[in-house]
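Take a look at the structure set out below.
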Amino acid sequence: MEFSTLQTTLPISDLEHAARARKIAERLDDLRAYGRHGYTLANTLTITGTNYVTIIDTLTKDQAK
Numbered sequence: 362m363e364f365s366t367l368q369t370t371l372p373i374s375d376l377e378h379a380a381r382a383r384k385i386a387e388r389l390d391d392l393r394a395y396g397r398h399g400y401t402l403a404n405t406l407t408i409t410g411t412n413y414v415t416i417i418d419t420l421t422k423d424q425a426k
């Protein structure tokens, strides 16, 4: 089994709504790209800080035998 992680950091402030929306769209594009290469989302962890939220996605892929 192969593992990969994807880390996305988003601003919390409502004043940075456009930047947050852009980062969310980039994350979705990245997840789709991993999916096209055979990866499956296994787990998502969110870490909330003072000014930012970090999302860490763990993806898995079965190795061909």
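Taking this note's numbering, the leading residue of the sequence shown gets 362, the next gets one more, and so forth. Quick reminder that beta carbons are idealized off the backbone N, C-alpha and C, glycines included. A quick note: this is a predicted structure, and the numbers were derived from the prediction, not measured.
When secondary structure is reduced to three states using DSSP, residue 385 falls in the helix class. Looking at the DSSP output, residue 413 sits in a beta bridge with 372.
Less than 7 angstroms divides the Cβ of residue 418 from the Cβ of residue 405. DSSP places residue 423 in the coil class of the three-state scheme, outside both helix and strand. Under DSSP, no beta-bridge partner is assigned to residue 377.
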